[in-house]
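Engineer: Take a look at this one; I'll ask things after.
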Amino acid sequence: MKVLLQNGKMEERDFEDAKGREAFWHTSAHVLAQAVKRLYPGAKCAGGQTAENGFYCDFEFAFPFSEEYLEKIQEEMKKIAGESLSLQVWETERAEAERYMKERGEFYQLELLRGCSGRGDGADKEPGICGGDGAGKEPGICGGDGTDEEQSICGTVCADGQDTAGDSFREKIILYRQGEYAEVCAGPHISNTCHIRALKLLSVAGAYWRGDERGRMLTRIYGISFPKASLLEEYLLTLEEAKRRDHRKLGRQLGLFLLAEEGPGLPFFLPKGMILKNLLLDYWRGLHRREGYQEISTPVMLDRKLWEVSGHWEHYRDKMYTTAVDGREYAIKPMSCPGGMLVYQSEPRSYRELPLRLAELGLIHRHEKSGTLHGLMRVRECTQDDAHIFMTKEQMVEEIQKVAGLIHEIYTKFGFAYHVELSTRPQDSIGSQEEWELATDALRSAVEAMGIPYVVNEGDGAFYGPKLDFHLKDSIGRTWQCGTIQVDFQLPRRFGAEYTGTDGERHRPVMIHRAIFGSLERFIGILIEHYAGRFPLWLAPMQVKILPISDKYMAYAGEIERALKEEGLRCEIDEKGEKIGYKIRTAQTEGIPYMVILGEKEAQERSVCIRKREEGDLGRMTLEGFLEMLREEGI
RNA sequence: GCUUCCGUGGCUCAGUUGGUAGAGCAACGCAUUCGUAAUGCGUGGGUCGGGGGUUCGAGUCCCCCCGGGAGCUCCA
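Have a look at this one:
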């Protein structure tokens with residue numbers, strides 16, 4: 001398949017390679033726009049792009065748009081693909097491009113054109129559409145990821161928008177067209193619509209124009225396309241599989257947690273979920289003892305004044321729950337650091353104590369916007385495996401590396417792949433530029449020395465300091481921040497924290513905030529999806545289920561149960577008056593790692609018949625043999 | 001918070017152009033006592049998320065609220 005570049009040249013690319021796929025989906029977005037324009041000429045197109053999986057395009061419709069229209073649009077897209085329209089680069093002067101879009105009433109395209117010249121119209125607060133906005137998380141509306149040096153996103157040829165602001169009428173603009181449709185775009189695109197052999201429109205959602213929440217809300221249509229029908233089928237199957245793994249569904253099925261209407265974003269842990277949570281905590285505590293942490297616990301709510309000192313009141317108030325008692329105002333903690341700070345301050349500190357590592361499983365509350373809540377992944381109450389480490393400036397890099405190493409160890413234990421982001425100083429922040437640079441450099445040099453790859457997330461740091469964020473993926477590929485390491489010079493200053501150095505003088509310690517699971521809730525959500533509810537033996541809330549073939553063998557089953565429990569195993573007997581097939585099916589759907597089947601033969605020879613979740617029937621063995629097997633796997 | 005869709009017994013869902021609710025699974029009971037992914041029969045369980053309105057009549061139409069899904073914005 002050929003890819004048409006902005007300069008009009010062709011390049012051979014495969015769908016398998018990222019660039020080819022991007023061009024393919026980008027072109028699909030244009031075909032989507034073309035189909036919509038054919039069916040609804042009044043609709044305005046606000047730009048289409050490649051998504052992580054597939055493509056999307058934003059529109060403004062003159063009527064309320066809903067999913068029922070998708071099928072019709074999809075059919076029109078297939079028609080366009082069938083017409084084998086070739087894509088062309090249309091290079092023209094700005095004035096001509098503007099006239100073209102104006103004639104068609106495409107004022108979003110016009111705005112994109114104007115955005116390209118950037119400066120000029122005084123509305124400088126708004127980031128230029130070309131540049132991507134500083135926050136960088138969401139690409140500019142035209143797409144691109146801000147790191148793209150070789151092309152200006154909108155398709156202006158000018159290398160530098162600033163120089164051309166003066167004589168914009170001579171400026172060349174690049175559009176791509178296929179058939180009767182043209183769009184302001186830098187490409188690249190595939191050379192012909194005929195390559196799109198299979199496609200499906202997946203969903204409709206809202207999206208803000210230019211990603212600005214104060215701006216207009218557009219209708220975004222998502223779709224997926226492939227050069228082969230079989231690939232589409234395959235993709236739809238993986239989508240179904242992902243749905244099957246959804247932690248919200250499995251959480252209910254497996255009796256792990258509960259989300260009630262009475263408490264949006266406030267999860268309940270059911271008995272089995274609590275076992276899971278406690279197992280994680282046991283593991284966590286063991287590692288933290290080894291790493292020289294001391295565990296503390298600080299109150300869920302503290303006087304408002306404390307939050308004023310810490311800066312949370314000023315920067316975070318809208319998300320804090322508050323309450324007033326005896327004429328005193330309290331805020332429920334959205335994070336545990338001020339509490340940790342008070343513990344540090346509770347006695348004079350010496351350099352001999354540093355690094356002082358105070359770990360806390362903090363129950364925190366944040367009033368997240370209703371629309372952002374998502375199962376266990378985004379909640380309003382959660383337990384954070386926090387720690388606050390106080391140290392000298394010299395100890396900073398080594399301590400960051402220790403934490404990063406611990407995070408790596410724990411994520412690896414679960415078989416997670418993760419990626420790291422370095423978030424730098426945001427607009428709304430406190431502290432001097434030198435401190436920010438020092439802190440940011442410490443984080444950067446720590447990960448670089450360890451050879452951990454990372455991406456920079458400009459302006460996404462905490463208000464008090466820069467951070468390294470560790471992201472994990474859920475079952476459909478969305479990534480969630482879990483671990484974090486944050487360097488903070490500000491809180492120690494605000495609280496006047498000190499230690500006595502070797503020189504007998506008082507010094508200010510540096511503070512690191514860090515979390516590994518992040519939120520226990522979120523981590524458990526990801527674990528459920530990662531294992532599709534089939535937890536490894538050591539983590540399974542129920543490890544063994546004992547299935548007597550009939551209740552004649554109930555007494556023997558009781559003996560086995562007692563023996564297993566003595567070994568500390570989590571097990572239970574299926575006492576239903578059902579046939580063995582039914583009991584096996586039930587245990588299997590519950591995702592229980594081992595089944596012990598007991599009937600006449602086993603009772604006779606005092607043995608057990610074992611069935612493993614993944615492997616099926618393992619045959620008869622002695623109880624001791626079975627236990628040995630479990631020990632080897634790791635109870 | 002915004003756009004849009006959805007909300008029927010514990011769970012998954014059906015419910016035709018408005019005529020006062022139905023299935024499967026689960027639960028419970030009885031029979032069966034069985035060898036590797038669903039034994040049979042029976043019983044109970046819903047003021048259809050909540051409130052208001054239209055109508056002789058609303059699960060079905062309209063409005064408001066609550067909750068949920070997808071995405072956007074946000075995520076110290």
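Under the working numbering, the first residue of the first sequence is numbered 1, with each subsequent residue one higher.
Glycine included, C-beta positions come from ideal geometry on N, C-alpha and C.
1. For the alpha helix (DSSP H) holding R444, just list the boundary residues, first then last.
2. Taking three-plus beta-carbon pairs below 8 Å as touching, is the segment 186-204 in contact with the segment 78-88?
3. By a C-beta neighbour count over all protein chains shown, 10 Å radius and 16 as the cutoff for buried, is E292 buried or exposed?
4. Assuming the contact rule is C-beta atoms closer than 8 Å, I224 and G54 should be a hit. Round their C-beta distance to whole Å, please.
5. Leaving out five residues on either side along the sequence, give the residues of the same chain with a beta carbon under 8 Å from the beta carbon of E347.
6. If you draw a straight line from the alpha carbon of K78 to that of L376, how long is it in whole angstroms?
7. Nearest to S230 by alpha carbon, out of G215, L406, Y208, K200?
8. Along the chain, where does the alpha helix (DSSP H) that runs through G273 open and close?
9. In or out: E360 buried (at least 16 other Cβ within 10 Å) or exposed?
10. Look at the Cβ atom of V219, then the Cβ atom of D58, and state whether they are nearer than 8 Å.
11. Would you mind stating whether W538 and D385 have Cβ atoms separated by less than 8 Å?
12. For the pair the segment 41-53 and the segment 99-118, tell me if three or more CB-CB distances fall below 8 Å.
13. State the beta-bridge partners of T484 as determined by DSSP.
14. Tell me where the beta strand (DSSP E) around I296 begins and ends.
15. Taking the beta carbon of E171 as the centre, do at least 16 other beta carbons fall within 10 Å, making it buried, or is it exposed?
16. Can you find the residues in the same chain that come closer than 8 Å, C-beta to C-beta, to A182, ignoring five residues on each side of it along the sequence?
17. Have a look at R522, E11, K612 and flag the residue whose alpha-carbon is nearest the alpha-carbon of P188.
18. Note down the Cα distance separating I73 from Y40, rounded to an integer number of angstroms.
19. How is the alpha helix (DSSP H) around F644 delimited, first residue to last?
20. Considering I407, what are the terminal residues of the alpha helix (DSSP H) in which it resides?
21. With a cut-off of 8 Å on the beta carbons, I'd call G431 and Q486 a contact; round off their distance for me.
22. For D469 versus E421, is the C-beta distance shorter than 8 Å?
23. With DSSP as the reference, label E91 as helix, strand or coil.
24. Please state the DSSP three-state secondary structure of K9.
25. Between the C-alpha atoms of I524 and G263, what's the straight-line distance to the nearest angstrom?
26. What residue range does the beta strand (DSSP E) around Y594 cover?
27. Could you check which residue in S519, R21, R514 has the C-alpha nearest to that of V379?
28. So the candidates are I275, V403, G362; which of them puts its Cα closest to the Cα of I452?
29. Report, in whole angstroms, the separation of the C-beta atoms of C609 and E602, which I expect to be a contact under 8 Å.
30. Within 10 Å of its beta-carbon, does R216 have 16 or more other beta-carbons around it, so buried, or fewer, so exposed?
31. Can the beta-carbon of G459 be found less than 8 Å from the beta-carbon of R506?
32. Once you ignore the five residues that flank E295 on each side, which residues in its own chain have a CB closer than 6 Å to its CB?
33. Roughly how many angstroms separate the alpha carbons of E633 and G273, rounded to a whole number?
34. Quick one: is T589 buried, meaning 16 or more other Cβ sit within 10 Å of its Cβ, or exposed?
35. Our contact map puts L113 next to V184 with C-beta atoms below 8 Å; I'd like the distance itself, whole angstroms only.
36. Taking buried to mean at least 16 other C-beta atoms within 10 Å of its own C-beta, is P492 buried or exposed?
Structural biologist: On the basis of the coordinates in this document:
1. Residue mapping note: residue 444 aligns to position 444 of the first sequence, counting from 1. R444 -> alpha helix (DSSP H) spans 433-450.
2. yes
3. Mapped onto the first sequence, residue 292 falls at position 292. The sequence given here has Gly at residue 292, not Glu. Exposed: under 16 other Cβ atoms inside 10 Å.
4. Against the first sequence, residue 224 aligns to sequence position 224. Against the first sequence, residue 54 aligns to sequence position 54. The pair is a contact, with the Cβ atoms about 4 Å apart (cut-off 8 Å).
5. Translated into the one-based positions of the first sequence, residue 347 becomes position 347. So the list is empty, once near-sequence residues are dropped.
6. Position 78 of the first sequence, counting from 1, holds the residue named residue 78. Position 376 of the first sequence, counting from 1, holds the residue named residue 376. Going from the Cα of K78 to the Cα of L376 covers about 39 Å.
7. Locating residue 230 in the first sequence gives position 230, where the first residue counts as 1. The option with the nearest alpha carbon to S230 is K200.
8. As a first step, residue 273 is located in the first sequence; it is residue number 273 there, counting from the start. Here the alpha helix (DSSP H) through G273 covers 271-290.
9. Translated into positions along the first sequence, residue 360 becomes position 360. Flag for E360 reads buried.
10. What you label residue 219 is simply residue 219 of the first sequence in a count that begins at 1. What you label residue 58 is simply residue 58 of the first sequence in a count that begins at 1. A small correction: the amino acid at residue 219 is Thr; Val does not occupy that position in the sequence shown. It is a contact, given that the beta carbons lie within the stated cut-off.
11. Position 538 of the first sequence, counted from the start, is the residue given in the question as residue 538. Position 385 of the first sequence, counted from the start, is the residue given in the question as residue 385. No. Outside cutoff.
12. yes
13. As a first step, residue 484 is located in the first sequence; it is residue number 484 there, counting from the start. DSSP lists D469, A515 as partners of T484.
14. As a working note, residue 296 is residue 296 in the first sequence. Segment 294-296, the beta strand (DSSP E) holding I296.
15. As a position in the first sequence, residue 171 is number 171, starting the count at 1. The residue is buried, with at least 16 neighbouring Cβ atoms inside 10 Å.
16. Here the question's residue 182 lines up with position 182 in the first sequence. Cβ within range, chain order: W90, Y100, L175, Y176.
17. Stepping through the first sequence from its first residue, residue 188 is reached at position 188. That would be E11, whose Cα lies nearest to the Cα of P188.
18. Indexing the first sequence from 1 puts residue 73 at position 73. Indexing the first sequence from 1 puts residue 40 at position 40. Between I73 and Y40, the C-alpha separation is close to 10 Å.
19. Given a span of 1 to 635 for the chain in the structure shown, any question on residue 644 remains unanswerable.
20. Here residue 407 is taken as the residue at index 407 of the first sequence, counted from 1. 396-413 is the span of the alpha helix (DSSP H), which, as asked, contains I407.
21. Here residue 431 is taken as the residue at index 431 of the first sequence, counted from 1. Here residue 486 is taken as the residue at index 486 of the first sequence, counted from 1. About 13 Å; that fails the 8 Å criterion.
22. Here residue 469 refers to the residue found at position 469 when the first sequence is read from its first residue. Here residue 421 refers to the residue found at position 421 when the first sequence is read from its first residue. Closer than 8 Å, so yes.
23. Here residue 91 refers to the residue found at position 91 when the first sequence is read from its first residue. E91: strand per DSSP, three-state reduction.
24. By one-based count along the first sequence, residue 9 stands at place 9. Note: K9 maps to coil in three-state DSSP.
25. Translated into positions along the first sequence, residue 524 becomes position 524. Translated into positions along the first sequence, residue 263 becomes position 263. For I524 and G263, the distance between alpha carbons rounds to 19 Å.
26. For the purposes of this step, residue 594 is taken as the residue at position 594 of the first sequence. Per DSSP, Y594 belongs to the beta strand (DSSP E) from 594-598.
27. Taking the first sequence and counting its residues from 1, the one referred to as residue 379 is at position 379. Nearest option by C-alpha distance: S519.
28. Numbered from its first residue, the first sequence carries residue 452 at position 452. Answer by Cα proximity: V403.
29. Start at 1 with the first residue of the first sequence, and residue 609 comes out as number 609. Start at 1 with the first residue of the first sequence, and residue 602 comes out as number 602. Sure, about 6 Å apart at Cβ, within 8 Å.
30. The residue labelled residue 216 in the question sits at position 216 within the first sequence. Its Cβ having fewer than 16 others within 10 Å, R216 is exposed.
31. Taking the first sequence and counting its residues from 1, one reaches residue 459 at position 459. Taking the first sequence and counting its residues from 1, one reaches residue 506 at position 506. Contact: no.
32. On the first sequence, position 295 is the one that residue 295 refers to. The answer, listed in chain order, is A359.
33. Position 633 of the first sequence holds residue 633. Position 273 of the first sequence holds residue 273. Taking the straight line joining both Cα atoms gives about 22 Å.
34. Counting from 1 along the first sequence, the entry for residue 589 is found at position 589. When all chains shown are included, T589 counts as exposed.
35. Reading the first sequence from its first residue, position 113 is the one you call residue 113. Reading the first sequence from its first residue, position 184 is the one you call residue 184. Confirmed, about 6 Å.
36. Position 492 of the first sequence holds residue 492. By the 10 Å Cβ count, P492 comes out buried.
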